[in-house]
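In order, the protein sequence lines correspond to chains A and B.
Last residue of the first sequence: number 1824 in this note's numbering, and the count goes up by one each step with no gaps.
Last residue of the second sequence: number 343 in this note's numbering, and the count goes up by one each step with no gaps.
One structure is given below, encoded as structure tokens.
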Amino acid sequence: MKGLARYRLLAATLVVLLAGLSVLAAGCPRRAPEEDPGAEVTAGGIMIRGSIADAQTMNPIYVADTASGDITHHLFQNSLMAWNREVELVPNAAESFPEVSADELIYTFRLRPGQTWHDGQPFTSHDVVFTYESFMNPFYTGPRRADMAMFLGYKAYVGELAAAKRALDAKEIDQEAHDRRVTEAFEAWRALGAVRALDDLTVRFILETPMAIFLTRTAGYHIIPRHILGEVHGRDVKDHGFSRNPVGSGPFRWKEWLPDQHIALVGNADWEGGRDGKPPAHSDELVTRVIPDQKTLEIALEAKEIDFGGVTPEEYERFKAMPHLRLMSTPTFAYTYLGLNLANPLFQDVRVRHAISHAINKEVMVDELLMGHGTVAWTHGSPARWDYNPDVRTFPFDAARAKSLLAEAGWTPGADGILQRDGVRFSFLLQTNLGNRMREQAAVVIQSNLKDVGIEVEIKLVEWATFVSDVLLAKNFETVIVGWSLGVDPDAFSIWHTEGGPFNFVSYSNARVDELLEEGRRVGDIDRRREIYQEMQAILAEDQPYVFLFYPNAIHAVGNRIRGEIKVSPIASPLFYAEDLWIPAALQAGPHLN
Amino acid sequence: MRRYVLRRVLQAVPVLLGITMISFFIIHLAPGSPAALLVDPTADPASFEAMERALGLDRPLHVQYYRWVVRLLRGDLGRSFDDGRPVLERVVERIDLTFLLMAAAFLVSFCIGIPLGIVCAVRQYSRTDHVASAFAFVGLSLPNFWFALILMLLFTITLGWLPAQGIQTHGLGFNLWDRTRHLIMPVIVLGYGGALAGYFRYTRSSMLEVIRQDYVRTARSKGLAERVVIYRHALKNALLPLITLVGLALPGFFGGALVTEQVFALPGIGRMAWTAIMRRDYPTVMAINTIAATLVVAGNFLADLAYGLVDPRIKYD
Chain A
1231 MKGLARYRLL AATLVVLLAG LSVLAAGCPR RAPEEDPGAE VTAGGIMIRG
1281 SIADAQTMNP IYVADTASGD ITHHLFQNSL MAWNREVELV PNAAESFPEV
1331 SADELIYTFR LRPGQTWHDG QPFTSHDVVF TYESFMNPFY TGPRRADMAM
1381 FLGYKAYVGE LAAAKRALDA KEIDQEAHDR RVTEAFEAWR ALGAVRALDD
1431 LTVRFILETP MAIFLTRTAG YHIIPRHILG EVHGRDVKDH GFSRNPVGSG
1481 PFRWKEWLPD QHIALVGNAD WEGGRDGKPP AHSDELVTRV IPDQKTLEIA
1531 LEAKEIDFGG VTPEEYERFK AMPHLRLMST PTFAYTYLGL NLANPLFQDV
1581 RVRHAISHAI NKEVMVDELL MGHGTVAWTH GSPARWDYNP DVRTFPFDAA
1631 RAKSLLAEAG WTPGADGILQ RDGVRFSFLL QTNLGNRMRE QAAVVIQSNL
1681 KDVGIEVEIK LVEWATFVSD VLLAKNFETV IVGWSLGVDP DAFSIWHTEG
1731 GPFNFVSYSN ARVDELLEEG RRVGDIDRRR EIYQEMQAIL AEDQPYVFLF
1781 YPNAIHAVGN RIRGEIKVSP IASPLFYAED LWIPAALQAG PHLN
Chain B
27 MRRYVLRRVL QAVPVLLGIT MISFFIIHLA PGSPAALLVD PTADPASFEA
77 MERALGLDRP LHVQYYRWVV RLLRGDLGRS FDDGRPVLER VVERIDLTFL
127 LMAAAFLVSF CIGIPLGIVC AVRQYSRTDH VASAFAFVGL SLPNFWFALI
177 LMLLFTITLG WLPAQGIQTH GLGFNLWDRT RHLIMPVIVL GYGGALAGYF
227 RYTRSSMLEV IRQDYVRTAR SKGLAERVVI YRHALKNALL PLITLVGLAL
277 PGFFGGALVT EQVFALPGIG RMAWTAIMRR DYPTVMAINT IAATLVVAGN
327 FLADLAYGLV DPRIKYD
């Protein structure tokens, strides 16, 4: 029942580090509506989206889940740079690409003049500085502090925070002294001027070392208003009223949030938007209704109670046949994999990993579990992203090949039919999260495939919160089925680097991959970066630290009464440019209005 | 009587303390830390510990429980780990819907289950009896979420009469008919799928027993009309055991609301309980547990009191 909800939650939680999907409505040529000519672009009407999960916060610096991010996207849309629907980096709140110093350490952004917050206050460089400083605030508990590691003085500052924490733990200082000490450290870091407003429309960033991905990172952070939060203590920002009653600067204004019911936004007629002079939002309201059960959400789509919603692969054909809906299946930047714990002796021989990969029938997963809405995965990344390497080593389904590889590695069938070596049976535990039906089914396919080559698999389903903290982050597993929802930038340091941290659950370590990951963060040239990540993908395919399983598509349904150019992409749902959509006057009060 | 009430209320205190203590420890024993869900997994362990400290989770369990009780006595249920708002405020803004659902479902099950039980007892083994028994058992054995989907298929998709989700049509504001339309299916699921079968079976068997008593035969032989015999003499006595059942139904409906609110996307307390459990929002889970425990204790207590009121043989002192 909760399958999709959990799936999204996973995506939501793990995507955090990998650069946000902040967005802007720009760079996309306007086109006249194709369907029913004569239908004028009309204002008015309520567009209703169904969402499995309720949002958690409306303060973008604390957003770490897709449900919240989907709303702040329409409300703020004021990151310095942004990804457009075609997944190109474009200036957003900034007027143009920044000026970068010759040593690649200083970035100077000039803001578009005339931008305002929804309460009428001007949007200035001081808001930008305040936002970036908030990430560094010692009392900030959100997910983005580590993203700021490229800033001048970051290491020293974070070192001082850790020292203060140690002193507190050793009871050398009390809480009050601790707070004073970290506040002083923060002020000292601010005084360095790593983030500074040169005038009301100019912001300057200074980095410690050249780090080209800084530019794409700036597409990930919406700016928050200093005139509202500037005087609030860092400790109180998260629970400040702003988190539930925000003031943004995007194409939709805030209306109301009824927890577990809906979040309503109102089209912002004053929005001067992108540089192409785009007109303001057309529809009067954009409402997100929270429908926690996927089946109920699908019924609501079918009954025209909502205009937008996700559909599961097994329902695709049935919904496609409904005349009042359009269905769109689109690749994403996500993939599902079987992670092998490389700290476990069972999986240290690369021949064994190759054998397991050959033994698992990934095609059948795509055909039967995804109903064809996806593709077989051979490596890290996504076929929909610019850095994808299509020419990596593949491991097609071949049980005979798997068996001979296992024999080569010294595994021979025992009396019970299970492979043995030096008295050890080839048997392991496979864990995945309870309630994600696709993963549960993939686990059963794997269990049966591996049994055919003499490997015994026991499946254990674990509830999500426990799965993350006690299985994945604790590296407490033999194998797991889980997935990544990757960001727009291909940087994968935290997943594959030896020093990558807790996201490298499988304890992968390869000196060449480490080098590539470090260089990939440093260089700005896109062709060089493509080479870097393609080489990394080839090595990962060869090493098989994961058995890569499949890249699932996202399936979106849109009600036919919604007009305007609707296109989807790996980062864009049909509502990506919601301000471009409208509802013909005759259909504004239709049966959709439930 | 007053002494009895006082004694029962006093007895309830250790019972509630016991229940909350056990649930407090069980919740905290469950694997998975709330801090892990709130902190960026890539952050250093220090920020994880800072989060634990901020949530008060670094203290020994008995200290945490003690602090929770002390705060509770001051009427403070703490703040939600999820959104930082006071738990009491979160509960209050939702509990009316859940109570409304519970009350409506109770009425439905009561008003259908009991008359049906009477009819079936009076006409034991008739066709009516068989059909009604089947009807009641189907309700009991249907899984709530599945029954809800079947209703939606019928009333939302096929007939187009009722909305599938939510409590109001967007943009309409509060409207009694609109609200009613949204609640019809949830109430059917909660009422029919919940206590109806119980009321029916108890009424039927209790009536069957009473009908065979001497005083009923006496009433009949006095030449009283059958209606008077059944409703005045038999029913009054047959309903006594039902009081217990009604008392216990309160927490039953509360549990049923959890699934029903989830499926119909209703913003009640059952839905909040579900989310709170998934997100390890301990203060919210504890608040809801405490409410559920209070309902059990109160339900039992009210049932016992009601016995004293309706059954002259029972005296409390």
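By construction, the Cβ of each residue, glycine as well, lies at the ideal position given by its N, Cα and C atoms.
Listed in chain order, the alpha helix (DSSP H) runs fully inside the segment 272-312 of chain B are 295-304, counting runs of at least 4 residues. At a cut-off of 7 Å, the C-beta of A/Lys1525 has a neighbouring C-beta in chain B. A distance below 6 Å between beta-carbons, with the five flanking residues on each side excluded, links B/Phe173 to the following residues of its chain, in chain order: Val215, Gly219.
Contact of B/Pro57 with chain A is assigned, a C-beta pair being separated by under 7 Å.
Interface flag for B/Thr310 against chain A is unset, since no Cβ pair is found closer than 7 Å. Among the residues facing chain B, A/Pro1643 is not included, as its CB has no counterpart in that chain under 7 Å away. Listed as beta-bridge partners of A/His1512 by DSSP are no residues whatsoever. Taking 7 Å as the cut-off, the Cβ atoms of A/Asn1571 and A/Phe1707 count as close. For A/Gly1750, no beta strand (DSSP E) encloses it; the enclosing alpha helix (DSSP H) starts and ends at 1741-1752. Distance from the CA atom of A/Thr1446 to the CA atom of A/Val1359, rounded to whole angstroms, is 17 Å. In terms of beta-carbon proximity, A/Ile1529 lines the interface with chain B, with at least one pair separated by less than 7 Å.
In summary, the residues of the segment 163-193 of chain B whose CB is separated from some CB of chain A by less than 9 Å are Phe171, Ala174, Leu175, Met178, Leu179, Thr182, Ile183, Gly186, Pro189, Ala190, Gln191, Gly192, Ile193, in the order they occur in the chain.
Around the C-beta of A/Tyr1451, 16 or more other C-beta atoms lie within 10 Å, and the residue is accordingly described as buried. Counted as a single uninterrupted DSSP element, the beta strand (DSSP E) harbouring A/Met1311 occupies residues 1311-1313. Distances from the alpha-carbon of A/Asn1790 to those of A/Gly1372, A/Leu1531, A/Glu1761 put A/Leu1531 closest. The bridge partners DSSP lists for A/Lys1690 are A/Gln1661.
If you check each beta-carbon in the segment 84-99 of chain B against every beta-carbon of chain A, none falls closer than 9 Å. Restricting attention to B/Val118, B/Met47, B/Met128, B/Leu123, the CA atom closest to the CA of B/Val96 is found in B/Met47. Of all residues in the segment 1456-1471 of chain A, the ones placed with a Cβ closer than 7 Å to any Cβ belonging to chain B are Lys1468, Asp1469, in chain order. Rounded to whole angstroms, the Cβ separation of A/Gly1569 and A/Val1736 is 5 Å, and the two are in contact under 8 Å.
Shown here, A/Ile1436 sits in a strand according to DSSP, grouped into three states. Sequence-distant partners of B/Leu268 (beyond 5 residues in either direction) whose C-beta falls short of 6 Å from its own C-beta, in its chain, are Tyr228. Residue burial is scored here from C-beta neighbours: A/Gly1299 has at least 16 other C-beta atoms within 10 angstroms and is therefore classed as buried. Contacts with chain B at 7 Å (Cβ-Cβ) include A/Asp1490. Along the segment 1320-1340 of chain A, there is no position whose C-beta sits under 7 Å from a C-beta of chain B.
Listed along chain B, no residue sits closer than 9 Å to A/Asp1757 by beta-carbon distance, the nearest being about 29 Å off.
A/Met1558 is not a Cβ neighbour of A/Val1777, given a cutoff of 7 Å.
Listed along the chain, the chain B residues whose CB falls inside 7 Å of the CB of A/Glu1532 are Ile183. Residues are counted here when their Cβ sits less than 8 Å from a Cβ of chain A; for the segment 266-291 of chain B these are Gln288, Val289, Phe290, Ala291, given in chain order. Within the segment 109-130 of chain B, the residues whose Cβ lies closer than 9 Å to any Cβ of chain A are, in chain order, Asp109, Gly110, Arg111, Arg116, Glu119, Arg120. Taking a beta-carbon distance threshold of 7 Å, A/Ile1276 counts as an interface residue toward chain B.
B/Arg100 sits exposed, since fewer than 16 C-beta atoms from the chains shown fall within 10 Å of its C-beta.
Judged by DSSP secondary structure, A/Arg1340 falls within the beta strand (DSSP E) whose first and last residues are 1336-1340.
DSSP, read as helix, strand or coil, puts A/Glu1325 in coil. The continuous stretches of alpha helix (DSSP H) do not include A/Val1496, which lies in the beta strand (DSSP E) extending over residues 1492-1497. Contact annotation for A/Val1520 against chain B: Ala291 [CB-CB distance below 7 Å, chain order].
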